[in-house]
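Going down the list, the sequences are from chains W and Z. Residue numbers for the first sequence follow this note's numbering, beginning at 28 and rising by one. Residue numbers for the second sequence follow this note's numbering, beginning at 3 and rising by one.
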Amino acid sequence: MSVAAEVIIHTEHLSRRFGSLVAVRDVSLDIRRGEIFGILGPNGAGKSTTIRMLCGILDPSGGTGTVVGFDITREAESIKERIGYMTQRFSLYEDLTVAENLEFYAGIYGVAFSRRRARVSEVLELTGLTDRRGQLAGTLSGGWKQRLALACATIHEPPLLFLDEPTAGVDPVSRREFWERIHDISARGTTAVMTTHYMDEAERCHRLAFIFSGSLLDVGTPDEIVERRELRVAELEVDRALEAAELLGRHPDVEEVAHYGHILRVATRHGVDPIGLSAGVFAGTNVSVRSARETRATVEDAFVAMVRADG
Amino acid sequence: MKLRTLVIASKELRQLRRDPLTLAMMVALPVLQLLLFGYAINTDVRHIPMLVDDHDRSAVSRDLVRRMEATGFYDLAGDVQGYDEIDRALRSGVARVVLVLPARFGADVEAGRTAQVQLVVDGSDPQIVGSAQNTAASLVATRSAQIRVDHLTRVGGHLAPEPIELAPDVLYNPDQRTAVYIVPGLIGVLLTMTMVMLTAMALARERERGTLEQLIVSPVRPVELVVGKILPYVAIGYAQMTLILAFGHFVFDVPIRGSFGLLYLLAFLFIAANLAVGLFFSTLAKTQQQAMQMSFFFLLPNILLSGFMFPFEAMPHPAQWLSQALPLTHFLRIVRGIVLKRSNFDDLHVELVWLTGILVALVVVSSLRFRKKLI
Numbered sequence: 028m029s030v031a032a033e034v035i036i037h038t039e040h041l042s043r044r045f046g047s048l049v050a051v052r053d054v055s056l057d058i059r060r061g062e063i064f065g066i067l068g069p070n071g072a073g074k075s076t077t078i079r080m081l082c083g084i085l086d087p088s089g090g091t092g093t094v095v096g097f098d099i100t101r102e103a104e105s106i107k108e109r110i111g112y113m114t115q116r117f118s119l120y121e122d123l124t125v126a127e128n129l130e131f132y133a134g135i136y137g138v139a140f141s142r143r144r145a146r147v148s149e150v151l152e153l154t155g156l157t158d159r160r161g162q163l164a165g166t167l168s169g170g171w172k173q174r175l176a177l178a179c180a181t182i183h184e185p186p187l188l189f190l191d192e193p194t195a196g197v198d199p200v201s202r203r204e205f206w207e208r209i210h211d212i213s214a215r216g217t218t219a220v221m222t223t224h225y226m227d228e229a230e231r232c233h234r235l236a237f238i239f240s241g242s243l244l245d246v247g248t249p250d251e252i253v254e255r256r257e258l259r260v261a262e263l264e265v266d267r268a269l270e271a272a273e274l275l276g277r278h279p280d281v282e283e284v285a286h287y288g289h290i291l292r293v294a295t296r297h298g299v300d301p302i303g304l305s306a307g308v309f310a311g312t313n314v315s316v317r318s319a320r321e322t323r324a325t326v327e328d329a330f331v332a333m334v335r336a337d338g
Numbered sequence: 003m004k005l006r007t008l009v010i011a012s013k014e015l016r017q018l019r020r021d022p023l024t025l026a027m028m029v030a031l032p033v034l035q036l037l038l039f040g041y042a043i044n045t046d047v048r049h050i051p052m053l054v055d056d057h058d059r060s061a062v063s064r065d066l067v068r069r070m071e072a073t074g075f076y077d078l079a080g081d082v083q084g085y086d087e088i089d090r091a092l093r094s095g096v097a098r099v100v101l102v103l104p105a106r107f108g109a110d111v112e113a114g115r116t117a118q119v120q121l122v123v124d125g126s127d128p129q130i131v132g133s134a135q136n137t138a139a140s141l142v143a144t145r146s147a148q149i150r151v152d153h154l155t156r157v158g159g160h161l162a163p164e165p166i167e168l169a170p171d172v173l174y175n176p177d178q179r180t181a182v183y184i185v186p187g188l189i190g191v192l193l194t195m196t197m198v199m200l201t202a203m204a205l206a207r208e209r210e211r212g213t214l215e216q217l218i219v220s221p222v223r224p225v226e227l228v229v230g231k232i233l234p235y236v237a238i239g240y241a242q243m244t245l246i247l248a249f250g251h252f253v254f255d256v257p258i259r260g261s262f263g264l265l266y267l268l269a270f271l272f273i274a275a276n277l278a279v280g281l282f283f284s285t286l287a288k289t290q291q292q293a294m295q296m297s298f299f300f301l302l303p304n305i306l307l308s309g310f311m312f313p314f315e316a317m318p319h320p321a322q323w324l325s326q327a328l329p330l331t332h333f334l335r336i337v338r339g340i341v342l343k344r345s346n347f348d349d350l351h352v353e354l355v356w357l358t359g360i361l362v363a364l365v366v367v368s369s370l371r372f373r374k375k376l377i
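Okay, structure coming up:
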C-alpha cells in the first residue's frame, strides 16, 4: 500500500478530442512522488494537452485521472491549489518588481498573509534574487526571468510542479543552474513533470514518457527506454562519408545514419553489431574505414527510432 | 476568496501607477474634452459674416442693415454687387449670408407696398441655414409690424391687438448655453470611452503576455479575476465623473440641481455596463491593439446615436431602436435629468429599467464568452 501512496499522478485511458482530431488517446500513466518526469514528443504530439488535463484546466473526453489525490474532472479546483505551473513564456508581470511578482502569486495561491513576507524573502534568498528584489521584472535578462518564474511557481511550496518547456531560449549556464535547482526541489520531495525538446535534459530526468500522435509509446528510465529499442551505435571515421552513408542507409538493419564531416554515426536495430555490419557493407567498395568505435545509444537515438517506427 | 479579488485589484493599481501615460490620459482626457466642447464647440451660431448688395441705397435700406447687425448674429463684412460677386464671396467663404435689397425697396416701404428683400444663404452648413433664416425672418416680421403701426398712426387709424401671442418659457437652460447641455453628456461619453477601453485592454494585455494562462492554472476563480480587475476602473470612472462635474460647475457655470447621491448610484449601473462591454471585447481581442480598435469602433455609434450630438427624436425609427440598446442613451437622460432638471428616482425609473436590462444581458453574454475562452 505504501507504493500506492507514492503515486502522485495516476491516469487511465486518458483521451481528449477536439472535434474530429484526437489530440490525446488512451494515455495511462503513473508518476511517483519526488520524480523528475520528462514528457518527450514532437511538436503537436499532445504533450501540452496532456499537461492541461492534468492541471485540471481541460476536461478529458474519455478516461480518468487523479492528481495529488484529486479527480481531474470533479476536483480541479483542489488540484490547482496544490500545483505549480511554469511555461517557456515566463508569465511574469513585467511592470511589477521581482518582489511584487512574488507577493502577487503568494496572494493568489493563498499563502497566509502573516507568512507571505517571510516566504517571499526565503524564496528570494533561495534563488539569489535578493539583490534584485526592487528591479522591474521586465528589465531582467532571460536567465533571471526564468529563475523568477520558477520562484513564482513554487512560492506556495506545491508538492507537484508542471514545467512546459521551461528552458526554451535560455543560455546554457542558466539552463545548468536551472537543472540544479530542479534536482534540489526534487530531493526535498517535490515532483516535477516537464516537457522538453532538449535531449540532454531528457537524460537528466528520472523517468521519461514518449508521446507521439497523441499516443503513449513508451515509459521508463532513460536507460530502459534506450535498451528497449535494442539499438547499437558506432562512430566510424571514413574517407568518402557521403557515399558511405548512402550505402549504409540501404541496409535493412540500419536504423539511422548521420554524418558530421568524415565521422559517421550508425545506429543498428535488433542488437546487430554496427562495426561488423559496416565492414560487410563496405567490402568491395572504394570506401575505407580509418577508425571505428562502438558508443552508447542515447535518448536521442531512441527518440528518432520511435518516431520513425510509428510515423 | 474575497482576498484574492483584493490581491488582483491591488496588483492592477500598482501596474496603473507604473503607467504614467494611461494615468495622465485618464485625467487629461476629460479636461481636454471639456475645454474643447465647452469653448470651441458651440452650437449657438453667432457672428456670421454677412455681405450686403444694396441696390436701393436709401435711408430705409440702410436702417434694415443696421438692425440686422444689431442682433449680434450677423457681422457686416462689406458690400457686393451682382450675383457673380455674391457667388464668389460664398464660395470663398468671405461671407455665409448675403442680404440683397432691390432698387425700389425704400420707395415701396414708404408707399405702403410690400417690399421684397432677399437673403442668400450658404447652404453647406445646415445649422447656419436654420439660424440665419430664423433670425432674419423674425427681424423682418418685427420690422414689418412696426412699419405698419407707423403707417396707421400717420393716417389716424389704430391697430387691433395681435390675435395670438406666444410666450415661450425655456426651462432649465434659459440662455440656451451649449456648455450646460454638453457637460453632463460629456460625462457619459468619457465614461463610455475610458471604461470600455481600459477593461478591454487590461485583459488583452494579460492574454498577450501569457499571464492569463498562469492565472487560469491558479486557484483564482473567473469571478474573482474579473471583479478584481475592474474594481480599480470603477473607482477611476467615479473620479472622472467627479472631475468633469466640478470642472463644468466651476469653469462653465453648469448648475447642478438634482441629487448627487442618486446620480452616483445610477452611474454605477452605467459604469458596470460599460465594463461588461469591455470584458466582452477582451474575449474577442487577441492583442491590446485589437482591443483598442474595437473600443473606438464602439464609441462612434455611442456619440452619434445616443442623443449626445443629435436629438433622439430627430432620428429615424431604426436608429432609435439601435439607440435604445446603448447604455449611453439612457445614462444621458439620467445625467441630464438629474443635473439640469432635478429629476428624481420616479422620473427616471424607465431609464433605470432599461439600463438594468442592458447590464444583465451584457454580463450574461460576456461572462459566458469569458468562461469559454478561458479554457
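The C-beta atom is built at its ideal place from N, Cα and C for all residues, glycine as well.
Which of the three DSSP states, helix, strand or coil, is assigned to residue i?
{"i": "Z:G379", "result": "Residue numbering for chain Z in the displayed model covers 3 to 377; residue 379 of chain Z lies beyond these limits and cannot be assessed."}
{"i": "W:L190", "result": "strand"}
{"i": "Z:G132", "result": "helix"}
{"i": "Z:L328", "result": "coil"}
{"i": "W:S42", "result": "strand"}
{"i": "Z:T289", "result": "coil"}
{"i": "W:T312", "result": "coil"}
{"i": "W:L123", "result": "coil"}
{"i": "Z:V111", "result": "helix"}
{"i": "W:E33", "result": "helix"}
{"i": "W:I238", "result": "strand"}
{"i": "W:P289", "result": "Inspection of the sequence shows that residue 289 of chain W is occupied by His rather than by Pro. In the structure shown, W:H289 sits in coil (DSSP, three-state: anything other than H, G, I, E or B)."}
{"i": "W:S318", "result": "strand"}
{"i": "Z:V102", "result": "strand"}
{"i": "Z:F314", "result": "helix"}
{"i": "W:T100", "result": "coil"}
{"i": "W:D266", "result": "coil"}
{"i": "W:G247", "result": "strand"}
{"i": "W:D86", "result": "coil"}
{"i": "Z:G309", "result": "coil"}
{"i": "Z:T177", "result": "This sequence places Asp at residue 177 of chain Z; Thr is not what is there. Looking at Z:D177 - three-state DSSP - the assignment turns out to be coil, as it is neither helix nor strand."}
Among the residues of its own chain, which have a CB less than 7 Å from the CB of residue i, if the five just before and after it don't count?
{"i": "Z:T137", "result": "T73, F75"}
{"i": "W:V147", "result": "A126, L129, E130, A133"}
{"i": "Z:H57", "result": "L103, P104, A105"}
{"i": "Z:G80", "result": "L53"}
{"i": "Z:L227", "result": "I10, L217"}
{"i": "Z:T201", "result": "I232, Y235, L277, G280, L281, S284"}
{"i": "W:S105", "result": "F97"}
Within a Cβ cutoff of 6 Å, which residues of the same chain sit near residue i, ignoring the five residues on either side of it in sequence?
{"i": "W:M28", "result": "Because W:M28 sits at a pLDDT of 39, beneath the cut-off of 50, its placement in the model cannot be relied upon, and the point is left open."}
{"i": "Z:G114", "result": "H153"}
{"i": "W:L318", "result": "First, the amino acid is wrong: residue 318 of chain W is Ser here, not Leu. Hits under 6 Å: E264."}
Tell me which same chain residues have a C-beta within less than 8 Å of the C-beta of residue i, skipping the five on either side of it?
{"i": "Z:E112", "result": "V62"}
{"i": "W:M113", "result": "A176, L177, C179, A180, L188, F189, L190, D191, P193"}
{"i": "Z:L121", "result": "V99, V100, L101, V102, A134, Q135, A138"}
{"i": "Z:R150", "result": "L161"}
**Prompt:** Hey, which unbroken runs of the beta strand (DSSP E) at 3 residues or more fall wholly within the region 49 to 88 of chain Z?
**Reply:** 50 to 56, 76 to 81
>> To be precise: take each residue of the region 76 to 87 of chain W, compare its Cβ to all Cβ atoms of chain Z, and keep it if any distance is under 7 Å. Which residues remain?
In response: C82, I84, L85
- Query: Does the count of Cβ pairs from the region 44 to 59 of chain Z and the region 255 to 268 of chain Z closer than 8 Å reach three?
  - Reply: no
Q) Between the region 338 to 358 of chain Z and the region 222 to 232 of chain Z, do at least 3 Cβ pairs fall closer than 8 Å? A) no
Check: Where in the region 193 to 272 of chain Z do unbroken runs of the alpha helix (DSSP H), each at least 4 residues long, occur, reported from the N-terminal end onward?
Finding: 213 to 219, 224 to 254
Kindly confirm or deny that the region 229 to 236 of chain Z and the region 5 to 23 of chain Z touch, where touching means at least three C-beta pairs closer than 8 Å. yes
* Asked: Contact between the region 157 to 166 of chain Z and the region 312 to 321 of chain Z: three or more CB pairs below 8 Å?
  -> no
*Just by C-beta distance, which residues in the region 11 to 38 of chain Z are closer than 9 Å to chain W?*
S12, K13, R16, Q17, R20, D21
* To do: Could you name the residues of the region 129 to 155 of chain W whose beta carbon sits closer than 9 Å to any beta carbon of chain Z, in the order they occur along the chain?
  => E130, F131, Y132, A133, G134, I135, Y136, G137, F140
- Anything in the region 190 to 203 of chain W with a Cβ closer than 7 Å to a Cβ of chain Z? List those residues in chain order, please. none
*asked:* Does the contact criterion of 3 or more C-beta pairs under 8 Å hold for the region 181 to 191 of chain Z versus the region 327 to 342 of chain Z?
replied: yes
Query raised in the report: Is there contact here, the region 247 to 257 of chain W with the region 94 to 105 of chain W, by at least three beta-carbon pairs under 8 Å?
Result: no
Original post:
Which residues, taken in chain order from the region 212 to 223 of chain Z, show a beta carbon closer than 9 Å to some beta carbon of chain W?
Top reply: G212, T213, L214, E215, Q216, L217, I218, V219, S220, P221, V222, R223
Counting pairs of Cβ atoms below 8 Å between the region 193 to 203 of chain W and the region 164 to 171 of chain W, do you hit three or more?
yes
Report task. Give, in chain order, every residue of the region 232 to 257 of chain W whose Cβ lies closer than 9 Å to some Cβ of chain Z. Result -> none
**Request:** Just list the alpha helix (DSSP H) runs in the region 123 to 181 of chain W, keeping only unbroken ones of 4 residues or longer that don't cross its boundaries, in chain order.
**Result:** 125 to 135, 140 to 154, 169 to 180
Inset, instruction - Mind checking the region 50 to 63 of chain W against chain Z and listing, in chain order, the residues whose C-beta falls within less than 9 Å of any C-beta there? - result: none
If you pair each beta-carbon of the region 300 to 315 of chain W with each one of the region 273 to 281 of chain W, do three or more pairs fall below 8 Å? yes
Open item on the list: Can you confirm whether the region 208 to 216 of chain Z touches the region 348 to 367 of chain Z when touching is taken to mean that 3 or more C-beta pairs between the two stretches lie within less than 8 Å?
Closed with: no
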